[in-house]
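Worksheet for the structure shown next.
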Amino acid sequence: MAPIWFLSILFLSCLLLVTYKRQKQQRRPPSPPGFPIIGNLHQLGELPHQSLWRLSKNYGPVMFLKLGKIPTVIISSADTAKQALKIHDIHCCSRPSLVGPRELSYNYLDIAFAPFDDYWKELKKMCVQELFSAKRVHSIQPIRDEEVKKLIDSVSESASQKAPVNLSEKFIALTVSVICKAAFGVSFHATVLNNDRFDKLMRESFLFLGSFSASDFFPNGGWIIDWLTGLQGRREKSVRDLDTFYEQMFDLHKQGNKGGVEDFVGLLLRLEKEETVLGYGKLTRNHIKAVLMNVLIGAIGTSAITVTWAMTELMRNPQAMKKVQSEIRNQMRRKSVISLDDTEQLRYLKMVIKETWRLHPPAPLLVPREVMSEFEINGYKIQPKTRLYVNAWAIGRDPDTWKDPEMFLPERFVDNNIDAKGQSFELLPFGSGRRICPGIYMGTTMVEFLLANMLYHFDWKLPQGMVVEDIDMEESPGLNVSKKNELLLVPVKYLAH
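In mature numbering (1 follows the signal peptide of the UniProt record, and there is no 0), the protein residues as written are -21 to -1, 1 to 476.
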């Protein structure tokens, strides 16, 4: 009979082995230490994508955080993004619900961030077919031509006076005008919102949609904190202002589109009137507002903000500016306006835009997903109900992927097949997988068309007294990260054509 001490050691060894195997099976990604109750919320900072990037340098490209009550995983490399968004896309393609108390006007925010279900799939299919298809994008080219011509005339007037132009404001106004005419069939300028008020409304919307609110992470009482900090009030005001804008556009649409060709909003309003069923229920006015919020904010995020960052980077890098302008002007001699088809020939311009997206992805933290079923990334178990963020900003600065990642070098895209269409996980301005932005083609063509015309018609100078080193690169917080301070440049009319 074996001695008692031998049996004891054998038993303990088996127990340790079972425990080790169980821990290995439930292996969780590394995590920075947190505090009771709040977890790691205090480590997010004003610009979460930057704070999370710094943390990932110590804890790796798959990092676990506890944000209040919410288990969260942060993905920070191209390889891990590919695992999440391609290999395991079906396991994490839902959206987290916006928890906490909401006023009635908040209903369409929950709809806009719909989970992965039949409603969402049918609505996305309709949006792609009716608004974001190549055919539809080309059909609104006359609208783009008209609005860009107005912008060129306005900037030319400033050039004649040698006055600085607020390009951040100009690009937002143009993008909104194009989208409003394309979707609503009416002019943005017909609304009571002036450019300054609308610009403020859009910035506020970017901020609250990208903010980390206490009610989202503490479902049973976080709203009290949001109320005390004023965040709840600001959110409600922004939503009321957006409601006002939408209702104005609906009224103008009805007045100005009687008997005309049915546009996107006309289609949605008709489906609402016919009580069309999408997925789990009828299409309502709140559903329509949810769609329009995604379209409007998505279009601005991928267009106006990107062109502003591109112009900023080109002003800081005169050689790149000279090279891209030479390409455009050599190929587009004597043209009054560059067309959408013309931009297909501009290879270096496309590299400039890719490099801008690498350093300044419009949504640096892709809109969060919610894990639906267990899967693994790099051997780590990702559990259901975990919130998953992909840090596109960090991926664009990963030294394992990019040489000299902090430098603006469009030439890095020569002779490689990296694109921004969701299949190259080194560059994810539109996301990837089932949740890829449906407006990818519209956003890309808008950026190329607008930037090409601004670089073709004008040379650009800094305001008097400024030098290149004075150009600030501060970011504003929010879902879509724009320049914190407006870009002011002095245009000089290019007369060679």
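The beta-carbon is built from N, C-alpha and C at its ideal position, and this holds for glycine as well. Being a predicted model, the structure only gives us computed values, none of them experimental.
- Non-local beta-carbon contacts of L388 in its own chain, meaning distances under 7 Å to residues more than five positions away in sequence, involve E334 in chain order.
- According to the DSSP assignment, W336 belongs to the alpha helix (DSSP H) that extends over 326 to 338.
- Linking T281 to V471 through their CA atoms gives a straight-line distance of about 26 Å.
- Per DSSP, L44 is one residue of the beta strand (DSSP E) stretching across 41 to 46.
- In this structure, DSSP gives S147 a helical state, which the three-state scheme calls helix.
- Using a 10 angstroms sphere on the CB of G401, the tally of other CB atoms reaches 16 or more, which defines it as buried.
- In this model, D242 and Y327 are separated by some 35 Å (Cα to Cα).
- Annotation for I374: the continuous alpha helix (DSSP H) segment containing it runs 371 to 374.
- The beta-carbon distance between M351 and P363, rounded to whole angstroms, is 6 Å. This is short enough to meet the 8 Å contact definition.
- Annotation: the continuous alpha helix (DSSP H) that includes W288 extends over 283 to 295.
- Per DSSP, reduced to three states, the secondary structure at D377 is coil, with no helix or strand assignment.
- Taking a C-beta distance under 8 Å as the contact criterion, A63 and L367 qualify as a contact pair.
- For the 8 Å CB-CB criterion, G39 and P9 form a contact.
- Secondary structure note for L467: its beta strand (DSSP E) is the uninterrupted segment 467 to 472.
- Nearest Cα to L146 within the set L458, K382, K440: K440.
- Taking V52 as reference, the option from D321, A283, L44 with the minimal CA-CA separation is L44.
- Separation of I122 and H70 (C-alpha to C-alpha, rounded to the nearest whole angstrom) is 40 Å.
- Short of 8 Å from the beta carbon of V447, and not among the five residues preceding or following it, lie these beta carbons of its own chain, in chain order: M294, R295, P297, L441.
- L466 sits away from T285, with the two beta carbons spaced by 8 Å or more.
- The beta-carbon separation of L31 and A373, rounded to 7 Å, stays under the 8 Å limit for a contact.
- With contacts defined as CB atoms closer than 8 Å, V116 and Y420 qualify as a contacting pair.
- Assigned with DSSP and collapsed to three states, G212 falls in helix.
- Under the DSSP definition of a beta bridge, T51 partners with L44, R366.
- Between the stretch 134 to 148 and the stretch 453 to 468 there are three or more C-beta pairs closer than 8 Å, enough to call the two in contact.
- Here the alpha carbon of R348 sits roughly 50 Å from the alpha carbon of S139.
- Following the DSSP letters along the chain, one finds I356 inside the beta strand (DSSP E) bounded by residues 354 to 356.
- Shown here for A299: same chain residues with a beta carbon closer than 7 Å to its own, the five before and five after excluded, namely L293, V331, F387, P389 in chain order.
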